[in-house]
Amino acid sequence: MNDNANKGKTMTYAKNGTGPSRRRVLGGIGTFAMGTALGAGLSLPAFAQDANTLRVAANGSTSDSLDPHRTRAQITDIIRFTNLFDGLCDYAPDATVVNVLAESFTPNADATEWTVKIVSGVTTHAGEPFTAEDVVYSVKRMLDPDNPTRGASLISFIDAENVEALDDLTVVFRLKKPYGPFRDIWANRYLRMVPRGFDPETAVGTGPFRLTSFTPGRESEFARFDDYFRGPAKVEQLVVVNVADATASMNALRGGQVDMVYNVPISEARIIEADPALSLVNNPGSLSIPIYMRTDVAPFDDPRVREAIRLIANREQMVAIALSGYGEVGNDMQGRTIAPCGDTDVPQRTPNIERAIELLAEAGQSDLDVEIATTSGTSGMVECAQILSEQARAAGINIRANVMDEASYIANYGNWTFGVDFLSDTYLPVAARSLMPGGSSNNTHWHDEEFIDLFEQATATSDEAERCNLIQEMRRIEYERGGNIIWGFSNTLNATGAHVQGVETYVSGSPFYHLRLVSKA
Amino acid sequence: MSDQKRNLLRGSNRAGATLRMIARRLASSVLLLCIMSVLVFAATQALPGDIAQMVLGRDSTPEQVDRLRSALNLDAPVWRQYLIWVGNLLQGDFGVSFVSRQPVFDILQTRLSNTVVVVLLSFLISIPLSLVLGVYTAVNADRVSDRVILFFGIALNAMPEFVLALLLVLLLSVQVFHIFPGVALLSPGVSIWMQLPKIALPVLTLALLQASYFYRLVRATMIDVLASDYVEFARLKGMPRRNVLWRQAVPNALVPAVQAAGTIFAISFGGVVVIEYVFAFPGLGTALADAVGARDIKVVQAITLTIALIFFATNIVTDLITMALTPPGRGGVR
Chain D
4 MNDNANKGKT MTYAKNGTGP SRRRVLGGIG TFAMGTALGA GLSLPAFAQD
54 ANTLRVAANG STSDSLDPHR TRAQITDIIR FTNLFDGLCD YAPDATVVNV
104 LAESFTPNAD ATEWTVKIVS GVTTHAGEPF TAEDVVYSVK RMLDPDNPTR
154 GASLISFIDA ENVEALDDLT VVFRLKKPYG PFRDIWANRY LRMVPRGFDP
204 ETAVGTGPFR LTSFTPGRES EFARFDDYFR GPAKVEQLVV VNVADATASM
254 NALRGGQVDM VYNVPISEAR IIEADPALSL VNNPGSLSIP IYMRTDVAPF
304 DDPRVREAIR LIANREQMVA IALSGYGEVG NDMQGRTIAP CGDTDVPQRT
354 PNIERAIELL AEAGQSDLDV EIATTSGTSG MVECAQILSE QARAAGINIR
404 ANVMDEASYI ANYGNWTFGV DFLSDTYLPV AARSLMPGGS SNNTHWHDEE
454 FIDLFEQATA TSDEAERCNL IQEMRRIEYE RGGNIIWGFS NTLNATGAHV
504 QGVETYVSGS PFYHLRLVSK A
Chain P
92 MSDQKRNLLR GSNRAGATLR MIARRLASSV LLLCIMSVLV FAATQALPGD
142 IAQMVLGRDS TPEQVDRLRS ALNLDAPVWR QYLIWVGNLL QGDFGVSFVS
192 RQPVFDILQT RLSNTVVVVL LSFLISIPLS LVLGVYTAVN ADRVSDRVIL
242 FFGIALNAMP EFVLALLLVL LLSVQVFHIF PGVALLSPGV SIWMQLPKIA
292 LPVLTLALLQ ASYFYRLVRA TMIDVLASDY VEFARLKGMP RRNVLWRQAV
342 PNALVPAVQA AGTIFAISFG GVVVIEYVFA FPGLGTALAD AVGARDIKVV
392 QAITLTIALI FFATNIVTDL ITMALTPPGR GGVR
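Heads up: the protein sequence lines correspond to chains D and P, in order. First residue of the first sequence: 4, per this note's numbering; consecutive thereafter. First residue of the second sequence: 92, per this note's numbering; consecutive thereafter.
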């Protein structure tokens, strides 16, 4: 405004002493400030913490649900249902499969019929015994054709009509086709067991915690289930709070408002490691971030172009920058670990720009100009595309990173010619989803007869050693002629306060899915 | 005509004029709301990405997507979707969220009341603070104290909201002092009034941002008014300086300030989004951000229309206050 024009007059006015005395105005401000401080001081004990209540923060939304089968798979959902319900099996920290509700699995000769014994003495939160009939109910619910569930595709080989309870503790599964890794599949988190007549509103299960209150998008509370068959949880109460923003999560942890946070920005990991009040949970997770090339359309239908891009990618640099080193370099094969099988014997692919330039020239693609689709679905997805785009310059081609919001990316999911995705599971389920024709994440549109044949054999055999050999062959084919650049596997980073005990790191899953083991000092 | 009669007449005339003004404003607001509804609807249609696909996620089959699309009425022509939506709105039916399957009204209700509390509390701090600072710095214009306050005011105002929010978190919550919770994790089912410390930082952030702008406006208008002839005259007449300042100058400086306060109030509802996000505050802003991300169109539409409605209502209210402060025919001097 016209401060300057009036300066003279105002100065005169003030100097003439007609204004209020400085003392009075300052006094007014002081009174106001004291009032504010007093008001704040009165209501201070806001975040006093209770040693028997574990508070965890993770990201979810108003579409939060308590249904383990019909879920949008937000982290808050998974934390809730993995602590409310049990599966027949589960993953141990090293990704080996352990029995939970199941006591034993027995196949017939050709693995088309599996008899499962249930642990006795399991009770639900409502005090009812958990029986074979509940397993039958759960499996039929998962496979309900009119109301699809997230886990249905994992067990599509089961003939839902012919799942039968032989007695209270024995279920027989008759399959549509032989399925060898039958026991392993039940460790999947989307295949949790619910009691008959399950109502997602009350969410009665068999798990270590029972629901006490639930507000979608905000908070849910649980109490320890004292009769839990594997021993009661260490804390009496569990609270899961929704915090969408990773920075806000960390602030809540630092301020003592929560004990554990799921979402940790990779950029903060070193700071957390250096902070004695916090501890970083560095899970060597199975999360891969493949860069996919569609094998059925130009330019990547030419294997030479695919190999050239694979030779341009500097995987070590990507892991060091995109994942800040919190990960492991990949070798264009899925599965960070294929335990209990050993490593696949192929040399580590390293950058070879000269060879890449030759291959591109042979394919007539020396001036290649393509767009790579990506979104910030998980840390590293955007960065790896940007790094590849930089690295491509050395070979004289142009790769443009198209960073989109998630909805725009998903809208064309499966159709992008060149893009970035993320996948997390053990080898065979990942292969089924992303390397087999018709798989929901087969973004490369790969169709390799030899690979398909090996996959069918691997899923049919119940002989573990034979399955390992088949998986090694499958991975070798992936390495030689697949459509993915699997440049690295990302660690999953969580953080806890230093007072939190009993947190183990998981390859498949998360310590957040096993909160009964966690306690507060 | 007797004085009494004349006054009575003037009063009724003025009341009539006020009513006419309100009626005119309401009519134009309704028209603008209609235009807004078209704009909001068009904007949500133009968002990239398919709602059904987003709701079902990556692992869905094309058949599932098609089934959901027809269940959600998404395959009807756009104009029909619009008419159905407006028709329902007029009956007070905001619809059901595509994503969470909850009535949109329920989502809106708690979120709106939470945001209203934060904005109102921030106003209770920023308005008196701005008036005191504005008057003080105007009286002491260009002195050191004025310069210092101005420097901080401009610095605060130039800062993006989230930077200020994070600085306050560092200062008052996690690093230097541990006075307030750094994140507004409100417990559902407990009244927000019982959890005020949890919202202290969002309120403070918003109040500082409002005050840093508003006080400068008060200061500038005060400087103008203090330089005016009538203030000079009152002073020469020998009126006590306190009276000159608080009875002559301040009320006249308030007129433009009220208009600005109205605008700040309305903008706070839309602008609080980033602040809410930093503090994970369950308000209108975070609900809007979530809904846009999840393509929860019904929620996006309801929230944007609500914010528009708040704008119109605030405008009418500030106009009324302005009229009350400057009665016609009295030249704005009391």
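The beta carbon of each residue, even a glycine, is placed where N, CA and C say it ideally should be.
By the neighbour-count definition (other C-beta atoms within 10 Å, threshold 16), Met-285 of chain P is an exposed residue. Around the C-beta of Phe-242 of chain P, fewer than 16 other C-beta atoms lie within 10 Å, and the residue is accordingly described as exposed.
With respect to Thr-429 of chain D, Gly-288 of chain D sits apart: the two C-beta atoms are not nearer than 8 Å. By the criterion of at least three beta-carbon pairs nearer than 8 Å, the region 193–202 of chain P is not in contact with the region 308–318 of chain P.
By alpha-carbon distance to Pro-347 of chain P, the top candidate from P:Ala-318, P:Phe-372, P:Thr-409 is P:Thr-409. Within its own chain, the residues whose Cβ lies closer than 6 Å to the Cβ of Glu-116 of chain D, once the five positions on either side in sequence are excluded, are Arg-177, listed in chain order.
For Asn-406 of chain P, the uninterrupted alpha helix (DSSP H) run begins and ends at 388–416, by DSSP.
Residues of the same chain with a CB within less than 7 Å of the CB of Gln-368 of chain D, apart from the 5 flanking positions on each side, are Pro-302, Val-308 in chain order.
Collapsing the DSSP output to three states places Gly-186 of chain P in coil.
Interface criterion met: the Cβ of Leu-276 of chain P is under 8 Å from a Cβ in chain D. Around the CB of Asp-315 of chain P, 16 or more other CB atoms lie within 10 Å, so the residue is classed as buried. Gln-260 of chain D is classed as buried because its beta carbon has at least 16 other beta carbons within 10 Å across all chains shown.
When Cβ-Cβ separations below 8 Å define contact, Asn-317 of chain D makes no contact with chain P. For Ile-341 of chain D, the three-state secondary structure derived from DSSP is coil. If you check the CB distance, Ile-82 of chain D and Ala-114 of chain D do not come in under 8 Å.
Look at Val-267 of chain D: its C-beta is not under 8 Å from any C-beta on chain P. Around Ala-385 of chain P, the beta-carbon contacts reaching into chain D at under 7 Å are Ser-64, Ser-66. Contact with chain P is found for Gly-258 of chain D, since one of that chain's Cβ atoms lies less than 8 Å from the residue's Cβ. Within chain D, no C-beta atom comes nearer than 7 Å to that of Gly-329 of chain P; the closest sits roughly 11 Å away.
Our two residues, Phe-88 of chain D and Leu-163 of chain P, have alpha carbons roughly 31 Å apart in a direct line.
The beta-carbon separation of Leu-416 of chain P and Pro-342 of chain P, rounded to 7 Å, stays under the 8 Å limit for a contact.
DSSP places Asn-231 of chain P outside both helix and strand once states are collapsed to three, so it counts as coil. Residues of chain P whose Cβ lies closer than 7 Å to the Cβ of Glu-409 of chain D are, in chain order, Gly-384.
Look at Phe-271 of chain P here: in three-state DSSP terms it is coil, with no helix or strand label.
Interface annotation for the region 355–372 of chain P against chain D: Tyr-368, Val-369, Phe-370, Ala-371, criterion Cβ-Cβ distance under 8 Å.
Counting only runs that start and end inside the region 250–292 of chain D, the alpha helix (DSSP H) elements of at least 4 residues fall at 272–277. The closest CA to that of Gly-234 of chain D, considering only D:Glu-452, D:Gly-210, D:Leu-326, is found on D:Gly-210.
Close CB contacts of Ala-256 of chain P within its chain, under the 8 Å cut and outside five residues either way in sequence, are with Leu-292, Pro-293, Thr-296, Val-365, Ile-366, Val-369, Phe-370 (chain order). Straight across, the Cα-Cα distance linking Thr-127 of chain D with Gly-208 of chain D is about 5 Å. Rounded to whole angstroms, the Cβ separation of Thr-298 of chain D and Trp-449 of chain D is 5 Å, and the two are in contact under 8 Å. Taking 8 Å as the cut-off, the Cβ atoms of Ala-311 of chain D and Ala-359 of chain D count as close.
Interface with chain D (8 Å Cβ-Cβ cutoff): Pro-272 of chain P is included. Relative to the Cα of Ile-398 of chain P, the nearest Cα in the group P:Gly-362, P:Thr-109, P:Tyr-321, P:Gly-384 belongs to P:Gly-362. Boundaries of the alpha helix (DSSP H) harbouring Asn-179 of chain P: 169–181, taken from the DSSP string.
For Met-296 of chain D, the uninterrupted beta strand (DSSP E) run begins and ends at 294–296, by DSSP. For Glu-131 of chain D, there is no enclosing beta strand (DSSP E), as DSSP marks it with neither H nor E.
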